[in-house]
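Student: Quick one: the structure is below, and I'll ask about it shortly.
Residue numbers (this note's numbering): 1 to 264.
See the structure below:
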């Protein structure tokens, strides 16, 4: 198994990517600690993992609370003996689809501050544990907005480009200590749009374009080389491999899981 004997902490563990990653990480042998602000969703994922024979715990932690995250990871390291993987998979609703003239400074900064703050807080706490161990993997989730242009995505673009730049810079900083830092850039998730904030956000973008959410998602799929959108499980499988020792020479990279919407 790819992650046998490892401990993986997932912030945003009740969301589409976080829960899928939790299941795959556990299947691959990791003890998974699911963390987030909503206990119900965390417990559903935890119970699913346990029903499948995996090991998982659920902890209520706000990824934007620097002290709480530092305490949480220190506690996990103390009880489990180490922390091998920290995945930042938090998600938050934000304004997309509006041109700059209809976007306030607050709306522009909302995703930038939220997503980059969570990346900084979780990575800082992870680095404190992993540099002492001399090993570990930190993972972040970006979006195609880091590379694509278009009306109404300036906040998303700044957030995503910032996450990718942050991950590359941190990889160079922590590499000498044996810590790898990776980012993944999936497209809109075909299997993640049925719930939580993503359905609402995509729906607002679609409505502005005069179409339904399903029509908007179909158009996004048609614009990819593979003619489809990735699923949360596609992303989770990649994250498991990237976190494993089989990818030991991989750091500072952004995994392109856009199904060919972006061709590197």
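Glycine residues also receive a C-beta, built at the ideal position from the N, C-alpha and C atoms.
1) Using the rule of at least 16 other Cβ atoms within 10 Å of the residue's Cβ for burial, across every protein chain shown, is residue 151 buried or exposed?
2) Have a look at 4, 5 and 22 and flag the residue whose alpha-carbon is nearest the alpha-carbon of residue 239.
3) Could you tell me the boundaries of the alpha helix (DSSP H) in which residue 7 lies?
4) For residue 228, which residues in the same chain have their Cβ closer than 6 Å to its Cβ, ignoring the five residues on either side in sequence?
5) Measure the Cβ-Cβ separation of residue 118 and residue 90 and say whether it is below 8 Å.
6) Taking all protein chains shown into account, decide if residue 138 is buried (16 or more other Cβ within 10 angstroms of its Cβ) or exposed.
7) Taking C-beta to C-beta, are residue 46 and residue 62 nearer than 8 Å?
8) What residue ranges within the region 217-258 form continuous beta strand (DSSP E) runs of no fewer than 3 residues, ordered along the chain?
9) Going along the chain, which residues of its own chain have a beta-carbon closer than 8 Å to the beta-carbon of residue 52, five neighbours each way excluded?
10) Taking Cβ positions, are residue 105 and residue 9 nearer each other than 8 Å?
11) For residue 2, count the other beta carbons within 10 Å of its own beta carbon; 16 or more makes it buried, fewer makes it exposed. Which is it?
12) Measuring CA to CA, which of 60, 86 and 38 is closest to residue 300?
13) If you draw a straight line from the alpha carbon of residue 215 to that of residue 201, how long is it in whole angstroms?
14) From which residue to which residue does the alpha helix (DSSP H) around residue 72 run?
15) Using only alpha-carbon positions, find the residue among 241, 223, 131 and 144 that is nearest to residue 176.
16) Among residues of its own chain, excluding the 5 on either side of residue 162, which ones have a beta-carbon nearer than 7 Å to its beta-carbon?
17) In terms of DSSP beta bridges, what is residue 34 paired with?
18) Compute the distance between the beta-carbons of residue 160 and residue 146, then report whether it is under 8 Å.
19) Going by C-alpha distance, which of 156, 55, 67 and 79 is nearest residue 103?
20) Distance check for residue 14 and residue 44, CA to CA, integer angstroms please.
21) So, for residue 59: in the same chain, excluding its five sequence neighbours on each side, which residues have a beta-carbon less than 8 Å away from its beta-carbon?
22) Let's test the definition: count the other Cβ atoms within 10 Å of the Cβ of residue 212 and tell me whether it reaches 16, buried, or not, exposed.
23) With a 10 Å radius around its C-beta and 16 neighbouring C-beta atoms as the bar for buried, classify residue 178 as buried or exposed.
24) Give every residue of the same chain whose Cβ lies closer than 7 Å to the Cβ of residue 270, excluding the five residues on either side of it in the sequence, and list them in chain order.
25) Assuming residue 257 and residue 185 make a contact with CB atoms under 8 Å, what is their CB distance in whole Å?
Tutor: According to the data block:
1) By the Cβ-count criterion, residue 151 is exposed, with fewer than 16 other Cβ atoms from all chains shown falling within 10 Å of its own Cβ.
2) Closest option to residue 239, Cα to Cα, is 22.
3) Looking at the DSSP string, residue 7 is not in any alpha helix (DSSP H); the run it does join, the beta strand (DSSP E), is 7-11.
4) Cβ within range, chain order: 221 and 259.
5) Yes, these two residues count as a Cβ contact at 8 Å.
6) Buried: at least 16 other Cβ atoms inside 10 Å.
7) No; because the gap between Cβ atoms is not below 8 Å, this pair is not in contact.
8) Fully enclosed beta strand (DSSP E) runs of no fewer than 3 residues occupy 254-257 of the region 217-258, in order along the chain.
9) If we look at residue 52 and ignore the five residues flanking it on each side, its Cβ neighbours are 23, 26 and 27.
10) Not closer than 8 Å, so no.
11) The residue is buried, with at least 16 neighbouring Cβ atoms inside 10 Å.
12) Coverage of the chain is limited to positions 1 through 264, which leaves residue 300 absent and any answer about it impossible.
13) Distance between residue 215 and residue 201, taken at the CA atoms: about 14 Å.
14) Residues 66-80.
15) Scanning 241, 223, 131 and 144 for the CA closest to the CA of residue 176 turns up 131.
16) Excluding residues within five positions, the ones whose Cβ falls inside 7 Å are 112 and 116.
17) Within the DSSP bridge table, the entry for residue 34 names 10 and 58 as partners.
18) It is a contact, given that the beta carbons lie within the stated cut-off.
19) Ranked by how close their Cα comes to the Cα of residue 103, the residues 156, 55, 67 and 79 have 156 in first place.
20) Whole-angstrom Cα-Cα distance: 8 Å.
21) Excluding residues up to 5 positions away in sequence, 33, 34, 35, 42 and 72 lie with their Cβ nearer than 8 Å to the Cβ of residue 59 in the same chain.
22) Residue 212 is exposed by the Cβ-count criterion.
23) With fewer than 16 other CB atoms across the displayed protein chains lying within 10 angstroms of its CB, residue 178 is exposed.
24) Nothing in the structure corresponds to residue 270, since the chain is present only between 1 and 264.
25) Indeed, because the Cβ distance is near 6 Å, the residues count as touching under 8 Å.
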